[in-house]
């Protein structure tokens, strides 16, 4: 081998060895995964050092961990290997190095707190746990753990000039803080914080107990909510300050659960306090539902905290911040609405916002020191203390009002607030009117439009009220005394006028002049409209709008007063009655009849001049006061024109209707004649025209008064008939359609006149209603019907029947009907449920409110109430629910209608009655087929001559014994 070959081989071997050394070094570096830590230099004067930033964290390194130590005094770096000492170790390690640069031995403690609020995060926060399992130094033995419930504490000893690397076995990958303390300094710090925590805990506990005692004493709703917040703060502080661990034994997992539950309780109690204190339910019911859902959601978090404390804690922290944000919005809004509770809560809530801002800086790590966490705990106690003072102030103030401990001025202010009236304040010196609340908004005007000088109100006042308004204010200022009591109309933005009423009194200055006028202004539009409607209804017909009989007589009397003064006024009274109007009404229905009357009213109005009067005297009777014509020939022509106007055909439902009228005329000739007598004369002439066949004009003649005399004689005979007991009752059977059995009877009155024979009720009942005889007749009918019913039951047994008795309008409107009915029932010992009182719709319509009150009282004592002639009166379905009827009687005109819609109408009426839990009686059944048809439709009873004619009381008794033979025996 040559020299060159030898040298080449030697160079190759060196190159291979160098590559092998480099590869081994690279492999060794990759396998260890941990470099040497830079040591922290410690001197004798260093009492506390934060090692957090210089500590290196290695995660997921397994059970064995190798690391290079820091260079010692000799500059040599060594590698050490540390193995896990706990089965729960997850492979997380921490490395730091310390160098004693002093010339003496140093004793120190390493402290790693279990929980630290700083940088704990808002979502999925770190709620604390054991941080360090053990610490192994590069020289010597493992460090000794010192007893502590709040932190991992290890004691170390550093020799002079020693450089030691420490490897900490971590239980979690997070190490929020690691401190190196001089032992005595650490002990003093712990004692100082313990004293502070004890003071804060004592204050919180006393505050919670005190508020609870206040709740027991006062009992207002805001006190338990405040006490709950105080107890929640106390619980949070107990957990945060580690006081709970001294009471019960807790693991690190238990501490996380307790801490999460404490934060959830704190968030829940704040929501409850805000809702209760501000009484949000009074402002809107939906706020109560939202609060309930919010609290229930937070309540669920108590269960979530057991499985995942971090999730529960994060949601609770967000809820606390949201509650504070929503609270400040509500407080500002309600404060502007002058809600005193909201105004009183502003300082406390401002402190809550400051606390939340500081807490946010803390948990995000922007505020980092050892004092902030206990300071936030003390801040919570301060918040509860301020809230407690606020609540007590309000509670004790409210208690004074509850006990009546307030002045007359306060009482007046409370009364004004409770009434809801608007304050009207006129500053006379500055001529400025202010209303609280602003009346402009009620009128639809921009806010503040009605504020300013009093003269600004004049353009919006009704033209008829402007002068009175200005004069009223001027008189008040001139006299400098009295009260302002004025009503006026003011135009709203929509053009409608509102009635406003001012009630105010002046305030005098030291010089005796009025300096301001203060009172209330209220909207009385509804009251004014109600009065106008009542006055109009009292003097006018509801259907046609014409004056009623009373107004007609009043105007006629006024005209008669002017008649004797000259020849200018010579009034003529016309009484106009529509012929066969009832037949048209029965054939076409009430709605058609009403439309016909309205059409006739329009026609008659066209014939009149402004000085003439048209009135509706009764159902189909009109009256005219003719003043515009004095010549008898022209008066006759006018009467003919009226007759022809009524005869003009009317088109209704594709049918042509031609009506005629009977017209009676009575002209003024006697200066002693009154309005009533003149109208009576015209009506006598009208009745004469009707008896003559109708469709004619009949002037009054004195001979017509003989008819009135006959009527007077009949009234006298009726009065004697009551005394002589010439009146009797007959009873027409009412049959149950389901089994054709007798269910009851209708009592009908008969008068056997000694000279005239039998007088029909249609002739003497109207006479009784216009006199004072209707009362005795009604009492007679009720007493006789109840006595006969009791008599039948004594001799025929307890038969299941009832008796119907008709009431007149005069009886219904009599305030003594209720007392009379109770007296009759007590006298005869009759069962109230077996008596039915029948009324027509027209009776009820005469005075609906009075009728409802009387019927309600009669229903209370157990009497049945039947609505008679259903389908022929007003037929307002509202009265079936407004009045306590339990039975309706279908009029015979509906049954005799042969039209195709008859079954549909009957089915609808019967179905409606059944749904209203009412019984149905059909009148005028003529055939067995009708009875079967009505029974199938659900009609309960039938009444007509088909089932039997009216019979006397003894005949009824025999009939009952035949139809119910076993009742007496049973």
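In my numbering, the protein residues as written are 3 to 972. Beta carbons are placed, not taken as given, at the ideal position from N, Cα and C, and that holds for glycine.
Is the beta carbon of residue j closer than 7 Å to that of residue i?
i, j, result
"residue 506", "residue 426", "yes"
"residue 206", "residue 236", "yes"
"residue 618", "residue 543", "yes"
"residue 750", "residue 952", "yes"
"residue 492", "residue 500", "yes"
"residue 699", "residue 660", "no"
"residue 648", "residue 663", "yes"
"residue 202", "residue 383", "yes"
"residue 701", "residue 629", "no"
"residue 945", "residue 925", "yes"
"residue 830", "residue 856", "no"
"residue 840", "residue 810", "no"
"residue 516", "residue 430", "yes"
"residue 354", "residue 385", "yes"
"residue 813", "residue 780", "yes"
"residue 849", "residue 815", "yes"
"residue 155", "residue 218", "no"
Taking C-alpha atoms, which residue in the options lies nearest to residue i?
i, options, result
"residue 869", "836, 906, 923, 832", "923"
"residue 454", "465, 440, 615, 607", "440"
"residue 133", "161, 106, 90, 140", "90"
"residue 823", "785, 793, 98", "785"
"residue 200", "302, 245, 171, 165", "245"
"residue 93", "127, 42, 936, 136", "136"
"residue 808", "732, 517, 204", "732"
"residue 836", "794, 635, 719", "794"
"residue 818", "846, 778, 845", "778"
"residue 194", "243, 225, 227", "243"
"residue 229", "145, 238, 209", "209"
"residue 464", "907, 375, 498, 442", "498"
"residue 747", "704, 803, 739", "803"
"residue 238", "253, 261, 322, 913", "261"
"residue 643", "806, 188, 607", "607"
"residue 853", "692, 739, 884", "884"
"residue 955", "348, 752, 766, 888", "752"
Contact defined as beta carbons within less than 8 Å: I believe residue i pairs with residue j. What is the distance between those atoms, to the nearest angstrom?
i, j, result
"residue 729", "residue 782", "6 Å"
"residue 866", "residue 838", "4 Å"
"residue 357", "residue 379", "About 10 Å; that fails the 8 Å criterion."
"residue 652", "residue 577", "Between residue 577 and residue 652 the Cβ distance is about 22 Å, and since that is not below 8 Å, they are no contact."
"residue 478", "residue 486", "6 Å"
"residue 571", "residue 561", "6 Å"
"residue 96", "residue 177", "6 Å"
"residue 169", "residue 84", "5 Å"
"residue 57", "residue 98", "4 Å"
"residue 185", "residue 109", "6 Å"
"residue 173", "residue 131", "7 Å"
"residue 268", "residue 227", "With 8 Å as the limit, residue 268 and residue 227 do not qualify as a contact, their Cβ atoms being about 13 Å apart."
What are the residues that DSSP puts in a beta bridge with residue i?
i, result
"residue 183", "50, 111"
"residue 944", "737, 924"
"residue 701", "667"
"residue 435", "428, 454"
"residue 757", "According to DSSP, residue 757 bridges with nothing at all."
"residue 631", "Per DSSP, none; premise fails for residue 631."
"residue 85", "66"
"residue 519", "428, 508"
"residue 625", "577, 617"
Mind checking if residue i is an interface residue toward chain C, Cβ cutoff 7 Å exclusive?
i, result
"residue 329", "Considering every chain present, this structure includes no chain C. It has just one protein chain."
Measuring from the CB of residue i, is there a heavy atom of the ligand NAD at a distance below 6 Å?
i, result
"residue 852", "Because no ligand of any kind appears in the structure shown, any question about the ligand NAD cannot be addressed here."
- Length at least 4, wholly inside the segment 272-296: the alpha helix (DSSP H) runs in chain order: none
- Could you pull out every unbroken beta strand (DSSP E) segment of at least 3 residues lying fully inside the segment 710-746, listed in chain order? 729-738
- Message: Please give me, in chain order, every unbroken run of the alpha helix (DSSP H) with length at least 4 that falls completely inside the segment 792-874.
- Response: 811-814, 819-830, 843-848, 850-862
- Message: At 3 residues or longer, what runs of the beta strand (DSSP E) sit wholly inside the segment 562-589?
- Response: 574-580
- Task: Identify every run of the beta strand (DSSP E) within the segment 128-216, keeping only runs that are complete inside it and at least 3 residues long; order them along the chain.
- Result: 134-139, 146-148, 153-160, 165-172, 181-183
- Contiguous alpha helix (DSSP H) assignments of at least 4 residues, all confined to the segment 302-344: 311-338
- In the segment 876-914, which residue ranges form an unbroken beta strand (DSSP E) of at least 3 residues, counting only runs that do not cross its ends? 889-892
- Message: At 4 residues or longer, what runs of the alpha helix (DSSP H) sit wholly inside the segment 440-498?
- Response: 441-444, 465-481
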